[in-house]
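Here the structure is laid out as structure tokens; the discussion comes afterwards.
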Amino acid sequence: MAIIVQKFGGSSLQSPERIKKVAARARSEKEKGNDVVVVVSAMGDQTNELMRLCQEVNPSSCGREKDLLLSTGEQVSSALMALALQELGVGSVAMTGQQAGIETEYVHGNAKIKAVHTLNIQEVLDEGKIAVVAGFQGCAANGEICTLGRGGSDTTAAALAAVLNADRCEIFTDVDGVYTADPRIISGARKIHSMDYDQMQTMAEMGAGVIHPRAVRHAQKHNIPLVVRSSFTLEQGTVIHDFKGNGVGSPVIGMTYENNLCLLRLNTEIYYGNLFQFIDESLPVEPAFGSSEKDETFLAIRADHLDRVMSTLKEHTISVGVKEAEPTYGWAAIHFVFVDREEKRKCVSSIEERIPDRWGEVLTMDGSPSVWSLLVPEEKSLEYAQNFYDWVIGSEGPALAFGS
1 MAIIVQKFGG
11 SSLQSPERIK
21 KVAARARSEK
31 EKGNDVVVVV
41 SAMGDQTNEL
51 MRLCQEVNPS
61 SCGREKDLLL
71 STGEQVSSAL
81 MALALQELGV
91 GSVAMTGQQA
101 GIETEYVHGN
111 AKIKAVHTLN
121 IQEVLDEGKI
131 AVVAGFQGCA
141 ANGEICTLGR
151 GGSDTTAAAL
161 AAVLNADRCE
171 IFTDVDGVYT
181 ADPRIISGAR
191 KIHSMDYDQM
201 QTMAEMGAGV
211 IHPRAVRHAQ
221 KHNIPLVVRS
231 SFTLEQGTVI
241 HDFKGNGVGS
251 PVIGMTYENN
261 LCLLRLNTEI
271 YYGNLFQFID
281 ESLPVEPAFG
291 SSEKDETFLA
301 IRADHLDRVM
311 STLKEHTISV
321 GVKEAEPTYG
331 WAAIHFVFVD
341 REEKRKCVSS
351 IEERIPDRWG
361 EVLTMDGSPS
371 VWSLLVPEEK
381 SLEYAQNFYD
391 WVIGSEGPAL
401 AFGS
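Under UniProt numbering, the first residue of the sequence shown is numbered 1, with each subsequent residue one higher.
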């Protein structure tokens, strides 16, 4: 008997009607003779609403009480999903992260999973029932609830799949797979039917929102296939597994896009390599973009993270040699993920030569071995993203992509 882990995101659980529909999908999998574990996110925008309430009551809220509040969104979803399954005649048990055995480090807001103790889940499965687990949360050794941060329910699902040695982990979302770009904003984006863990890991790290990088790492470590698919159709989706090949058929795997960024220009006195080591080890958030020229370093970060980053830089002014930090708002990042370093090398120089002067300030970054990034003004970023996509990945050619 196979074990299947199914994770349903907020859009899949936005209303009682949608909860009933995805419950039917879980029932269908159970009727195939498989053991099923369901992991749920909070309904719709419930997490954002809880965050808003938290800020309204106490703008400086952080830590324990905030995690306690935010974790309730997934707990509501798990209870409702279990009730929906029971209404369909399927035995089911709702569980918090703690009840499901998710042990985390004692860090509030962005905890990592230390261990998964599956005794309670296994008992539910042995009784022929579906275990419905609240994602995004776990419990530290001292009994405190800790949340897993952005994409935490993906991480919960992949971690459970790994420990249970599941046959696959299905990530249900509002798109029917992983695309060469976000099909909601880029015309001509194509679905990728098969890709390997490393390719998906890089895409996720560069902002592809379909799955969190931590989830990919958990799955890869234990060789658990991931399937990204739509909650609303029966399309097969994208399989992420130990696949040595090019599922795209081009030198570029895909393009990702991030907006609402702030550009920090840092005037520094130390070698940029030392600064980037500090950024990797001590900065409270991961920059979307980074590069250096002479004594200036450029960092692009989400605008809502600026205060935290500035505070950290101020605390370490002497050690990191930052003489001045000047932020400007209104930027977006476009990232291209190539098959490998050599394919990137062959493509990038010809693309850079064709960036029109009329586009004004466009910063480029030669990032990790397979990633090339641009930072562009946000007001025209979607136009630029479409143009770059057409030239680098699409088939329409340079005349249309970079014409005047």
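Ideal Cβ placement from N, Cα and C applies to all residues, glycine included.
In this model, P369 and D340 are separated by some 7 Å (Cα to Cα). DSSP lists Y179 as the bridge partner or partners of K191. Just measuring C-alpha positions, the residue of I121, E235, I301 and S373 sitting nearest A157 is I121. The residue from I171, M255 and T328 with its alpha-carbon nearest to that of N387 is M255.
Considered as a whole, the region 104-131 harbours 119-126 as its complete alpha helix (DSSP H) runs of no fewer than 4 residues, in chain order. The three-state reading of DSSP puts S373 in strand, counting E and B together. Assigned with DSSP and collapsed to three states, K244 falls in coil, not helix or strand.
DSSP, reduced to helix, strand and coil, places H212 outside both helices and strands of the structure shown, so it counts as coil. With 16 or more other CB atoms across the displayed protein chains lying within 10 angstroms of its CB, V252 is buried. If you check the CB distance, G89 and G138 do not come in under 7 Å.
The three-state reading of DSSP puts V339 in coil, since its state is none of H, G, I, E or B.
The three-state secondary structure of L363, taken from DSSP, is strand. For the pair of segments examined, the region 199-211 was found not to touch the region 71-80: the number of CB pairs separated by less than 8 Å stays below three. The C-alpha of V133 is placed about 11 Å away from the C-alpha of V124.
Look at R184 here: in three-state DSSP terms it is coil, with no helix or strand label. With respect to F172, S231 sits close: the two C-beta atoms are nearer than 7 Å.
If you look at C146, you'll find it in the beta strand (DSSP E) that goes I145 to T147.
Between S60 and G9 the beta-carbon gap is near 30 Å, outside 8 Å, which marks them as no contact. About 4 Å separates the beta carbons of T238 and V178, which is inside the 8 Å limit, making them a contact pair.
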